[in-house]
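These notes concern the structure reproduced below.
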Amino acid sequence: TVDVSKLDKLEEDVVVTMCLLEKYFPPSFFDIMVHLVIHLVREVRLCGPVYFRWMYPFERYMKVLKGYVQNRTRPEGCIAERYIAEEAVEFCTQHLSDVSTVGVPSSQKMGVSKPLSGFTVSVVDRDLLNQAHLYVLENTEEVLPYIEQHMIHIKTAYPKFRKRTKWLHDKHNSTFIQWLRFKVQSELEEDNHCVSENLRWLAAGPNMAVPLYRSYLIKGIKFNIKAQADVRTTQNSGVYLLAHTMQIASAKDKNPILSNMGFYGVIQEIWDLDYKKFTIPVFRCDWIDSSGLVVDELGFTLVDLSKIGHRNDQFVLASQVKQIFFFDDPMHRGWSVVLSMPNREYNDVIGDEVLGDVIIECEPFTRGMPNVTHLMNWW
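Sequential numbering from 115 applies to the sequence shown in the working numbering.
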């Protein structure tokens, strides 16, 4: 954000920096462009952040309008007719979302999820498979009523521990998979059961032989495992998850609290759990421990990728995470700065051959314009 209280200090620092540069560079270096840096702080005071008033989006759109001109003697008419035609076509396509259109690019986020590499089948460890299977169950809407029933069952069977939240949570994690399997089987034996086909196969559990992929496409976004990203110029292995989870203060904390918490991690493996009738892709990640996560004075999130935690919760649904990137912080050795990926769902899809036609929405630095009344009075 733009902190107005720090602008005076920034203005002083710019002047001092320019004076220091004069000691090392010849006078020919200080042209008008270098001198304009001194006026940037005053410009922010009077006009606010620059992206509210720059002309780049309009200049890009001029390139689009120029492509509408087919008759150079009547450019205005060509632009108007082409604009009306495109607007009419786009309006019609909104009512034909299920129809395969010709000439209109399809969205990259219309549920497109598929593997992008070959796979190797591996018989994974039973504990890891149960950990991944439990996460899938706890994040399936059809299973939520059974989770509540199982918690009531545990509190009834162990009345002495009904107020110990952490103990109940651990007991639930260790017994829920087997309890759900028997519960669903008993309901299937009834004549008028309400068990869906998906719930039936979920309760039966996944196959022990799990296909492992190096690369996977989730809703139009490419994800790679870390081993794949290490030999590529692109990363695509960092993920972020915002979860409503249990926060434990220490090992002796018996009553943790539930709240929203962000997790940063790196994909180590991509599993495609086979439930006979369908498959569910999950990521096995190394999650950064809370001790390796800080926010600096400028608002950037820094992580220490060597501090790995949450060993008992390594898995996450591929559809739940957001892609992020890590790059080394030059000021703090061993720490990496987190950058989020911009949204790729654009309403106006323009030709890829035109550089800079993609318009990325910037997060505002400040909620409102700074108060410059005193500056106007001073001038």
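Beta carbons are placed, not taken as given, at the ideal position from N, Cα and C, and that holds for glycine.
Fair warning: this is a prediction, and the values are worked out from it, not measured in the lab.
ask   = Taking contact to mean at least 3 C-beta pairs separated by less than 8 Å, is the stretch 273–291 in contact with the stretch 229–238?
value = no
message = Buried or exposed, going by whether 16 or more other CB atoms sit within 10 Å of the CB of residue 247?
response = buried
query = What's the call for residue 396, buried or exposed, on a 16-neighbour Cβ count within 10 Å?
reply = buried
message = Can you list, in chain order, the residues of its chain with a C-beta nearer than 8 Å to that of residue 388? Leave out the 5 residues immediately preceding and following it.
response = 320, 321, 323, 324, 325
CB contact flag (residue 405, residue 421, <8 Å) = yes
ask   = Considering only C-alpha positions, which residue in the set 416, 353, 152 is nearest to residue 401?
value = 353
key: Range of the contiguous beta strand (DSSP E) that encloses residue 178   = Residue 178 -> not in any beta strand (DSSP E); alpha helix (DSSP H) instead, spanning 170–180.
message = Using the Cβ count rule (16 or more neighbours within 10 Å means buried), how would you classify residue 306?
response = exposed
request  = Look up residue 260 in the DSSP assignment and say whether it is helix, strand or coil.
outcome  = helix
message = Going by DSSP in three states, residue 197 sits in which element: helix, strand or coil?
response = helix
ask   = Smallest Cα separation from residue 331: which of 419, 255, 340, 227?
value = 227
message = For the alpha helix (DSSP H) containing residue 238, name the first residue and the last one.
response = Neither: residue 238 is in no alpha helix (DSSP H) and is coded neither H nor E.
ask   = So, is residue 159 buried or exposed, given that buried needs 16 or more other C-beta atoms within 10 angstroms?
value = buried
inquiry  = Suppose you measure from the CA of residue 116 to the CA of residue 381; what does that come to, to the nearest Å?
reply    = 34 Å
ask   = For residue 412, is the classification buried or exposed, using 16 other Cβ atoms within 10 angstroms of its Cβ as the cut-off for buried?
value = exposed
key: Among 252, 309, 302, 428, the one whose alpha carbon lies nearest that of residue 283   = 252
Start-to-end residues for the alpha helix (DSSP H) that takes in residue 146 = 146–149
ask   = In terms of residue numbering, what span does the alpha helix (DSSP H) encompassing residue 426 cover?
value = Looking at the DSSP string, residue 426 is not in any alpha helix (DSSP H), and its letter there is neither H nor E.
inquiry  = Between which residues of its own chain and residue 344 is the CB-CB distance below 7 Å, once the five residues before and five after are set aside?
reply    = none
key: Backbone CA spacing between residue 145 and residue 446 [nearest angstrom]   = 34 Å
ask   = Relative to the C-alpha of residue 450, which residue among 425, 164, 418 is closest?
value = 418
ask   = Tell me the DSSP bridge mates of residue 162?
value = Residue 162 is not bridged to any residue.
ask   = Taking just the CA atoms, how far does residue 199 sit from residue 334?
value = 29 Å
key: Residue ranges of each alpha helix (DSSP H) within the stretch 237–320, 4 or longer   = 240–252, 258–271, 279–302, 311–318
query = In whole angstroms, what separates the C-alpha of residue 293 from that of residue 264?
reply = 8 Å
request  = Would you kindly report the start and end of the unbroken beta strand (DSSP E) that includes residue 343?
outcome  = Here residue 343 belongs to no beta strand (DSSP E); instead the alpha helix (DSSP H) covers 340–343.
task = For residue 399, count neighbouring Cβ atoms within 10 angstroms of its own Cβ and tell me buried if that reaches 16, exposed if not.
result = buried
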